[in-house]
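Numbering (this note's numbering), first residue to last: 1 to 172.
We treat Cβ as the ideally placed atom computed from N, Cα and C, and that holds for glycine.
Read the structure below first, then the notes.
What follows is the structure, encoded as structure tokens:
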């Protein structure tokens with residue numbers, strides 16, 4: 001086998017193309033009128049149309065935010081949403097959870113509301129119909145199936161109350 005000489009220009013070109021593609025995808029997402037221009041969105045995020053995100057929130061890479069046709073996701077300002085977080089306002093209905101070529105599966109759709117200054121750790125799943133109040137903290141790797149109160153810290157599968165965060169400094 002011949003010795004193949006390493007050509008750094010190819011790496012630079014591939015990096016350039018990849019960065020341009022990511023920038024284009026972010027610009028396209030931010031053209032959505034429902035997402036504030038100051039929102040930072042990580043790589044490989046998928047965000048549906050019925051998603052509303054207020055200013056200065058960020059979402060780590062790999063996030064999936066799926067709203068339904070009749071449901072929406074609202075995320076407040078200054079939220080910190082980790083990597084690989086899935087927020088889904090729709091799910092399969094147990095009456096007909098799968099589809100065939102002729103019959104479509106049924107969906108359950110319920111709005112999701114996330115308040116201001118919420119911190120959501122990596123790899124969290126938030127189920128349809130859940131409300132998370134302002135200043136709440138969701139531990140990494142949690143599955144949120146119930147509402148979360150203001151300043152509440154929850155974690156686990158399913159997410160359960162850990163404590164109330166009384167250590168907040170009120171300088172917002």
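Would you decide whether residue i is buried or exposed? Buried here means 16 or more other CB atoms lie within 10 Å of its CB.
{"i": "residue 10", "result": "exposed"}
{"i": "residue 169", "result": "exposed"}
{"i": "residue 162", "result": "exposed"}
{"i": "residue 23", "result": "exposed"}
{"i": "residue 47", "result": "buried"}
Grab me the residues of residue i's own chain with a C-beta within less than 8 Å of its C-beta, minus the 5 sequence neighbours each way, in chain order.
{"i": "residue 52", "result": "34, 35, 72, 73, 74 and 75"}
{"i": "residue 95", "result": "106"}
{"i": "residue 70", "result": "109"}
{"i": "residue 98", "result": "92 and 105"}
Give the DSSP-derived three-state secondary structure of residue i in the structure shown.
{"i": "residue 80", "result": "strand"}
{"i": "residue 18", "result": "helix"}
{"i": "residue 65", "result": "strand"}
{"i": "residue 87", "result": "strand"}
{"i": "residue 13", "result": "helix"}
Excluding sequence positions up to five away, which residues of its chain have a Cβ less than 6 Å from the Cβ of residue i?
{"i": "residue 55", "result": "36, 38 and 77"}
{"i": "residue 118", "result": "79, 132 and 136"}
{"i": "residue 86", "result": "64 and 125"}
From residue i to residue j, what does the alpha carbon distance come to, in whole angstroms?
{"i": "residue 128", "j": "residue 89", "result": "4 Å"}
{"i": "residue 13", "j": "residue 21", "result": "12 Å"}
{"i": "residue 104", "j": "residue 68", "result": "15 Å"}
{"i": "residue 110", "j": "residue 8", "result": "51 Å"}
Please give the ranges of any beta strand (DSSP E) in the segment 91 to 161, keeping only runs that are unbroken, at least 3 residues long and fully inside the region. 107 to 109, 112 to 114 and 152 to 155
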